[in-house]
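**Q** Structure provided below as structure tokens; questions to follow.
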Ligand code: 6R9
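Residue numbers (UniProt numbering): 1 to 669.
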């Protein structure tokens, strides 16, 4: 089968061979750890210790991996579940663990971030350099009136200052509230308002694919009358030239240039010893429900969770590895695995301000080649986009430096997993499908590379120290089958509450199965080998004629068809079957969505899952509505499928996608 539609130079035979190879591999159930991969951090002792006594295991890790100003004497306080406390009487400073300790050990010259801009700009930020900027900014924030416990909003693109901003807050005990740089200023305002942020750190303008958005002017329009917000600190990232001739507007008495503040500040700011349970940050979760949840993490437990899992899952050697996580710092993945996990371990990372498809579809692969990246961590949705663009783009570059690949954010369908493993990893890199959440703070279910055999589509097994489990709807433990995912023991990096909303915290996570069982909100399947297969959010389960089907499962079957680039499946109310399956499908370049293709796809799904799972309706889509973190907004697709007025589209990456889809469906109806 040829998948090419272009003329002359298109690599039809290669594409055909790749397709055939992926088809063949889809039948392989399990992959042993690649022979060429040798672990640096042995994990056997951890597995045994955590199984014997998880609390003692975490206490030992806390002493081994973190520097304490005041050692803790109690480990877990579980007297008032679900309000758990870890290492309560200990004190440490998170920025000191991420910066000072590496500099003190003589590693100040090590690169913390290789920063790359989309127009080819390059900067190198060493640990010593980042420590200097962090101390100055910390003093600068103090001079603006920021103290312990005050909330500082951060609305910045992927520029090095974002790391300094987060670390400076941690250094003086302020609480950061990062808002993803792609959000609309109205969303920033809402988050600043509900968190009572005192200071906002933002930027004059942000670039994306060759264009510049005037961020500061837009922020001003929204934030003008917000009483709690006393000061706005502005990084001059694009300057007058980038903004069409004039510098960003500044309000005297309220607004301060970041560069001026940092240059004038005292360069020495000793790290404030913080109680282990001091709030570290609030992060509004990318939930699919209406009101955002302000997830609160505290200092020591969070740092321990990310430090340990980063080292274990990515098997990092800080002296030799070059690590790159393509997420945005505005998401939990960015907090835990761009900033805190890598820096705490003294690793070297790439930070990229740009898109994968600008200036061309090979932008990422070019960077991997340039920096000789060894560990790459991205999301399934991005992998599927790259599949759609074609293997010829990665094939233009030398990706042989890669030794490990990671995936996060949503279930990865086996075909995308295999493409990632084969095309990007050359078949030699372990693929770690990491399951976790904003709430868990750190990765919880993931293969241990070099140890765990992987099954494409499964996040495999719990990491040491974590206790995810499956329950039936009625709360009975399940050792095999489909159930509701929970966590049965507290863990150090768990969320502590929802900001200023303890009731909603208890209600959301600890009411269904009681105060000691954390409800994840995902359904999962456990197979006979004890492997977890995340099915998706509980609300993404479809009930057709009394049979439960997961949208993710049907999607996975659809995208396994060689003509399909991406698919999202939702339920539509149906008189006969209760719910019926509606599939939104994007085809690979040039394929036509006609009746023959509808029949082919329905047969294809029937062959993979069963007739029951055949979509009743297939809607051809040029693009799917996604949140800015890349999650498909099924709620909106349900609205389209059922002909309702469109709900809130402001959190979408590209709101125009919805309008296009809705008019298409209206035409067809
Ligand atoms: C890290 C992050 C959390 C939700 C989670 C689940 C989904 C994340 C996944 C995955 C299957 C994986 N999810 N990783 N599903 N396999 N490897 O994404 O946090 O934005 O809070 O989303 O994402 O549904 O419940 P967050």
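Even for Gly, the Cβ is constructed at its ideal location relative to N, Cα and C.
Using 7 Å as the cut-off, classify the Cβ of residue 537 as near or not near the heavy atoms of ligand 1, replying yes or no.
**A** Here residue 537 refers to the residue found at position 537 of the chain shown. Yes, the beta carbon of residue 537 sits closer than 7 Å to at least one heavy atom of ligand 1.
**Q** Do the segment 436 to 452 and the segment 466 to 475 meet, that is, are 3 or more Cβ pairs less than 8 Å apart?
**A** These segments touch.
**Q** Is the Cβ-Cβ distance between residue 549 and residue 470 less than 8 Å?
**A** Along the chain shown, read from residue 1 onward, the residue named residue 549 stands at position 549. Along the chain shown, read from residue 1 onward, the residue named residue 470 stands at position 470. No, the Cβ-Cβ distance between residue 549 and residue 470 is not below 8 Å.
**Q** Is any heavy atom of ligand 1 found at a distance shorter than 7 Å from the C-beta of residue 521?
**A** As a working mapping, residue 521 is identified with position 521 in the chain shown. Yes, the beta carbon of residue 521 sits closer than 7 Å to at least one heavy atom of ligand 1.
**Q** To the nearest angstrom, report how far apart residue 477 and residue 91 are at their CA atoms.
**A** Here residue 477 refers to the residue found at position 477 when the chain shown is read from its first residue. Here residue 91 refers to the residue found at position 91 when the chain shown is read from its first residue. Roughly 38 Å separates the two Cα atoms.
**Q** What is the DSSP secondary structure of residue 505, counted as helix, strand or coil?
**A** The residue labelled residue 505 in the question sits at position 505 within the chain shown. Three-state DSSP puts residue 505 in a helix.
**Q** Quick one, which of 19, 381, 347, 314 has its alpha-carbon nearest residue 630's?
**A** Along the chain shown, read from residue 1 onward, the residue named residue 630 stands at position 630. The shortest Cα separation from residue 630 among 19, 381, 347, 314 belongs to 381.
**Q** For residue 534, is the beta carbon positioned less than 7 Å from some heavy atom of ligand 1?
**A** As a first step, residue 534 must be located in the chain shown, where it is residue number 534. For ligand 1, at least one heavy atom lies less than 7 Å from the Cβ of residue 534.
**Q** Can you tell me which residues form a DSSP beta bridge with residue 532?
**A** The residue labelled residue 532 in the question sits at position 532 within the chain shown. Its beta-bridge partners are 460, 526.
**Q** Measure the alpha-carbon distance for residue 612 versus residue 593 and round it to whole angstroms.
**A** Within the chain shown, the letter at position 612 stands for residue 612. Within the chain shown, the letter at position 593 stands for residue 593. Near 22 Å, if we compare the C-alpha coordinates of residue 593 and residue 612.
**Q** Could you tell me the alpha carbon to alpha carbon distance between residue 289 and residue 508, rounded to whole angstroms?
**A** Locating residue 289 in the chain shown gives position 289, where the first residue counts as 1. Locating residue 508 in the chain shown gives position 508, where the first residue counts as 1. Note that residue 289 has pLDDT 43, beneath the 50 cutoff, so the model's placement of it is unreliable and no number is given.
**Q** Is residue 499 near residue 339, with beta carbons less than 8 Å apart?
**A** Counting from one through the chain shown, the residue named residue 499 turns up at place 499. Counting from one through the chain shown, the residue named residue 339 turns up at place 339. No, Cβ-Cβ distance for residue 499 and residue 339 is not below 8 Å.
**Q** Taking the beta carbon of residue 301 as the centre, do at least 16 other beta carbons fall within 10 Å, making it buried, or is it exposed?
**A** If you number the chain shown from 1, residue 301 lands on position 301. Buried, since its Cβ has 16 or more Cβ neighbours within 10 Å.
**Q** Name, in chain order, the residues that DSSP records as bridge partners for residue 113.
**A** Sequence index remark: in the chain shown, residue 113 carries index 113 (1-based). Bridge partners of residue 113: 125, 349.
**Q** Residues in the same chain with beta-carbon distance under 7 Å from residue 243, minus the five sequence neighbours each way, listed in chain order, please.
**A** As a first step, residue 243 is located in the chain shown; it is residue number 243 there, counting from the start. The residues are 204, 205, 212, 214.
**Q** Secondary structure at residue 150, three-state DSSP: helix, strand or coil?
**A** What you label residue 150 is simply residue 150 of the chain shown in a count that begins at 1. Correct three-state label for residue 150: coil.
**Q** Quick one: which unbroken alpha helix (DSSP H) runs of 4-plus residues sit fully inside the segment 631 to 667? Chain order, please.
**A** Within the segment 631 to 667, the complete alpha helix (DSSP H) runs of at least 4 residues are 634 to 641.
**Q** If you follow the beta strand (DSSP E) that residue 344 is in, where does it begin and where does it stop?
**A** Numbered from 1 along the chain shown, position 344 holds the residue referred to as residue 344. Looking at the DSSP string, residue 344 is not in any beta strand (DSSP E); the run it does join, the alpha helix (DSSP H), is 341 to 344.
**Q** Considering only heavy atoms of ligand 1, does any lie closer than 7 Å to the CB of residue 703?
**A** There is no way to answer for residue 703, as the model of the chain reaches only from 1 to 669.
**Q** Could you have a look at residue 549 and say whether DSSP puts it in helix, strand or coil?
**A** Within the chain shown, residue 549 is the residue found at index 549, counting from 1. Reduced to three states, the DSSP call for residue 549 is strand.
**Q** With respect to 7 Å, is the separation between the Cβ of residue 629 and the closest non-hydrogen atom of ligand 1 below this value?
**A** Taking the first residue of the chain shown as position 1, residue 629 is located at position 629. For ligand 1, at least one heavy atom lies less than 7 Å from the Cβ of residue 629.
**Q** Using 7 Å as the cut-off, classify the Cβ of residue 438 as near or not near the heavy atoms of ligand 1, replying yes or no.
**A** Reading the chain shown from its first residue, position 438 is the one you call residue 438. Yes, since a heavy atom of ligand 1 falls inside the 7 Å radius drawn around the Cβ of residue 438.
**Q** Inspect the CB distances between the segment 634 to 651 and the segment 585 to 601 and report whether three or more fall short of 8 Å.
**A** Contact fails: fewer than three Cβ-Cβ distances are below 8 Å.
**Q** My understanding is that residue 175 touches residue 292, with C-beta atoms under 8 Å, so please give their C-beta distance in whole angstroms.
**A** Counting from 1 along the chain shown, the entry for residue 175 is found at position 175. Counting from 1 along the chain shown, the entry for residue 292 is found at position 292. Not confirmed; about 16 Å, so no contact.
**Q** Less than 8 Å between the CB atoms is what I'm expecting for residue 362 and residue 450, so what's the real figure, rounded?
**A** On the chain shown, position 362 is the one that residue 362 refers to. On the chain shown, position 450 is the one that residue 450 refers to. Not confirmed; about 29 Å, so no contact.
**Q** Rounded to whole angstroms, what is the Cα-Cα separation between residue 551 and residue 644?
**A** The residue given as residue 551 occupies position 551 in the chain shown. The residue given as residue 644 occupies position 644 in the chain shown. Residue 551 and residue 644: Cα-Cα distance of roughly 20 Å.
**Q** In the DSSP assignment, find the beta strand (DSSP E) that holds residue 68 and state where it starts and stops.
**A** Translated into the one-based positions of the chain shown, residue 68 becomes position 68. Neither: residue 68 is in no beta strand (DSSP E) and is coded neither H nor E.
**Q** Could you tell me which uninterrupted alpha helix (DSSP H) segments, each at least 4 residues in length, are contained entirely in the UniProt domain "AMP-binding enzyme C-terminal" (553 to 631), listed from first to last along the chain?
**A** Complete alpha helix (DSSP H) runs here, min 4: 595 to 608.
**Q** May I ask which residues mark the beginning and end of the alpha helix (DSSP H) holding residue 191?
**A** In the chain shown, counting from the first residue as 1, residue 191 sits at position 191. Start and end: 185 to 194.
**Q** Within the same chain, show all residues whose beta-carbon is closer than 6 Å to that of residue 286, passing over the 5 residues directly before and after it, in chain order.
**A** Stepping through the chain shown from its first residue, residue 286 is reached at position 286. Because residue 286 sits at a pLDDT of 48, beneath the cut-off of 50, its placement in the model cannot be relied upon, and the point is left open.
**Q** When every heavy atom of ligand 1 is checked, does at least one fall within less than 7 Å of the C-beta of residue 454?
**A** Along the chain shown, one-based indexing puts residue 454 at 454. No.
**Q** Determine the direct distance from the alpha carbon of residue 377 to that of residue 325, and round the result to whole angstroms.
**A** Position 325 of the chain shown, counting from 1, holds the residue named residue 325. Position 377 of the chain shown, counting from 1, holds the residue named residue 377. So the two alpha carbons sit approximately 5 Å from each other.
**Q** Is there at least one non-hydrogen atom of ligand 1 closer than 7 Å to the beta-carbon of residue 410?
**A** Against the chain shown, residue 410 aligns to sequence position 410. Correct: residue 410 has its Cβ closer than 7 Å to ligand 1.
**Q** With a CB to CB cut of under 8 Å and the five nearest residues on each side skipped, what residues in its chain are close to residue 150?
**A** Translated into the one-based positions of the chain shown, residue 150 becomes position 150. So the list reads 174, 175, 198, 199, once near-sequence residues are dropped.
**Q** Taking buried to mean at least 16 other C-beta atoms within 10 Å of its own C-beta, is residue 658 buried or exposed?
**A** Stepping through the chain shown from its first residue, residue 658 is reached at position 658. Buried is the call here.
**Q** Check whether the Cβ of residue 550 lies closer than 7 Å to any heavy atom of ligand 1, and answer yes or no.
**A** Taking the first residue of the chain shown as position 1, residue 550 is located at position 550. Residue 550 Cβ: outside cutoff for every heavy atom of ligand 1.
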